[in-house]
Structures are given as structure tokens and as C-alpha cells.
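Heads up, the thing below is written out as C-alpha cells.
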Amino acid sequence: PPSELEAEGARLVSEVASLWSTKYLHTIRHHGCYDGAFHYECLFSCPTNEAPVPSVVIVVRFALVAGSSAARPRLLFRFEEGDLLHEWALGIGDDGRLFITKGQQEGSLRDGVFEKYLDSYVREKETVRARGIDLVTPFEESRLPPPPMCTHEDAAEEQEESSESEEPNEAEAMQHSESMAPDEKVPQEDPEMAQAIKEALKAAGLACDMVPPLTSLSELLANVFDAADEDSAGELPHHEVARLLGATLPGFGLEEWDIHLLLTSAQENDEGFIECQPFIQVAPDIIQ
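Here the sequence shown is numbered in my numbering, starting from 218 and rising by one per residue.
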């Protein structure tokens, strides 16, 4: 097929996907030209504010057959790994451009039921996962592990318990440190961690001379969140937390996708705000 039809094919696929549903978002991937057709993948998902990274994605594979491979251009597609081949009828305008036809298609589902058909695939995948069947892909295995559950009440109880045992623990630590040989003592500071924290503070807009030296990731997050929480409300909106993490964490080797996955561990209240203290407690373990 003529190479200029590749972009036309992506446009046609996008127009068809837009007709199917207003609830699902779609993303189109080009898969090149082979077997006399241009091939595409259209990924349907339904992210929400509570789950910005969708757990289920529906794949529809399209092929634009044109040129010497067909007497007229044809747009074929199939859902997931199904064998049933559908067709969406195309027309040619007065300007010679291809366009999709509206209404009932002779070679596909009944008009107006495509969104429900996508819903059925979502329910099927959720049912399979609920039965304990492992559908994790190699890409998902390389991502962050599931975060531990933590509530605001748990954080308050842990803080109270730690304050009660702080003095005995400090005394024991001092006695243990004095009894250790000089070459057995644990280093007080990791130079690489200190440098990463210093760079993260600069990226967050906090002058280092205004902040005492920090030695851990939890201290860094506590200082950054405290600086952003001007009203001392103990909570921040989702987009503000995403901005703070995006500014401070790249220095620790996290990519943008890792930061988005980290945000899924943040527990939001009914108003869409993230409580800072529980998130600060679990985030360092997930990152490291």
C-alpha cells in the first residue's frame, strides 16, 4: 500500500474508536506494514482519579488493506486474540480522502453496543483475576511491588509506640556503640544518599541551608511535604503530590512510570486529597 496511507489509517481507526464509546480512552499504536496492509493496535482503558493506572486494558487490532492487495480500501479489526474478523465500511470523498461510514455495519456488531461489548471484556478479565489466575506480564513483574496497607490510625499508633520506647532505645544504642570496636561501628552517613537528597531538595525548591542535614528518604519526603503543606492540614491534592514526587525522585533512579505507579499506593479521602503521614511511611520501602 502507498506509505501515505499509514497516517490515514491511524486517523480512521481513531474515528471508529471515538464512535464506540465516550467512557473509554483509546491509544493507537502503529505496527508497520506487512501482508499487504498497515497494522495498528487500539488500546481501550478506563482510568479514574482513584485508579489513574488502569488494571484492565482491552486490545483491538486493526488492519487497513489497500493498494494492490484490495480492489477497494478495507478496514478490518478483531478484539483481543479472537478469530472473528470484523469490517468497518469505508467511503471515498470528493477530495479523494477515505472516511468511515456511520450507522449499522454489515460486517460487525449491532450499532450502539460496542461500549457494552468492551464492558464484557473488562468483566471477563476481572473475573479471571478474582479466581487467582496469574495474568501478570513480564513488564508488570518488573514494576514496583504492591504497597503495604497503612491507615492514618495505624500511623498514629506507631508514632505513639515509638515515642514511648525512644529513650530506652537511645540508651541501648549508646551502650552498644561504646562497646563496639572502632572498625565495627556503622557509618553515620551514606555519601551517595546524602548527595541524592541534596539534589532532590534543590529540585523541590528548598534551599539546603534552610534545612538541617538529612540522612534518609523518609526525612526528605517529610520535609518536602511539610514545605508544600502551607496550611498544616496534613493532606495534599493528588496533582500536588504527583508534582512533588516528579521533582524530587528522579535522582533516586525512578522513571516517570515508576512515580505514577508509586502514586497508586497513596490513599485518597473522599475529597481526593492524599494524607501525607501514611504515604511518607510506606513510600521509602516501596522506592528502595
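By construction, the Cβ of each residue, glycine as well, lies at the ideal position given by its N, Cα and C atoms. Just so you know, these numbers come straight off a predicted model, no measurement behind them.
Rounded straight-line distance, which links the Cα of residue j to that of residue i
i	j	result
ILE503	LEU462	13 Å
GLY284	GLU298	26 Å
ALA268	THR318	35 Å
SER325	LEU292	11 Å
HIS303	ALA280	10 Å
PHE261	GLU332	10 Å
GLU401	THR344	With a pLDDT of only 43 at GLU401, under 50, the local geometry of the prediction cannot be trusted, and no value is derived from it.
HIS455	ASN440	18 Å
TYR257	SER220	14 Å
ARG346	THR481	19 Å
ALA506	CYS259	As shown, the chain starts at 218 and ends at 505. That puts residue 506 outside it, with no answer to give.
CYS271	LEU478	In the sequence as displayed, the identity of residue 271 is Pro instead of Cys. Each residue's Cα considered, the two are about 10 Å apart.
ILE476	GLU323	45 Å
PHE296	GLU473	30 Å
Buried/exposed call for residue i, threshold 16 Cβ in 10 Å
i	result
ASN486	exposed
GLU447	exposed
LEU301	exposed
GLU452	buried
SER433	exposed
VAL403	Model confidence at VAL403 stands at a pLDDT of 39, short of 50, so the residue's coordinates are unreliable; what they give is reported in the following sentence. By the 10 Å Cβ count, VAL403 comes out exposed.
THR465	buried
GLY226	buried
ILE491	buried
ALA254	buried
ALA450	exposed
Bounding residues of the alpha helix (DSSP H) (the contiguous stretch that carries residue i)
i	result
VAL270	No alpha helix (DSSP H) contains VAL270, which DSSP labels as neither H nor E.
TYR338	331-347
PRO501	493-504
LEU236	222-237
Three-state secondary structure assigned by DSSP to residue i
i	result
ALA459	helix
VAL289	Before going further, note that residue 289 is Arg rather than Val in the sequence given. ARG289: coil per DSSP, three-state reduction.
GLY308	strand
THR195	As shown, the chain starts at 218 and ends at 505. That puts residue 195 outside it, with no answer to give.
SER435	helix
THR244	strand
Assumed close pair residue i, residue j - CB separation to whole angstroms, cut-off 8 Å
i	j	result
PRO290	VAL282	7 Å
TYR236	ILE275	This sequence places Leu at residue 236; Tyr is not what is there. Between ILE275 and LEU236 the Cβ distance is about 16 Å, and since that is not below 8 Å, they are no contact.
Boundaries (first-last residue) of the beta strand (DSSP E) holding residue i
i	result
PRO454	452-454
SER262	254-262
ARG278	275-282
LEU315	315-317
Test: residue i CB closer than 7 Å to a CB of chain D
i	result
PHE294	As a matter of chain content, chain D is missing from the structure shown, which is built from one protein chain.
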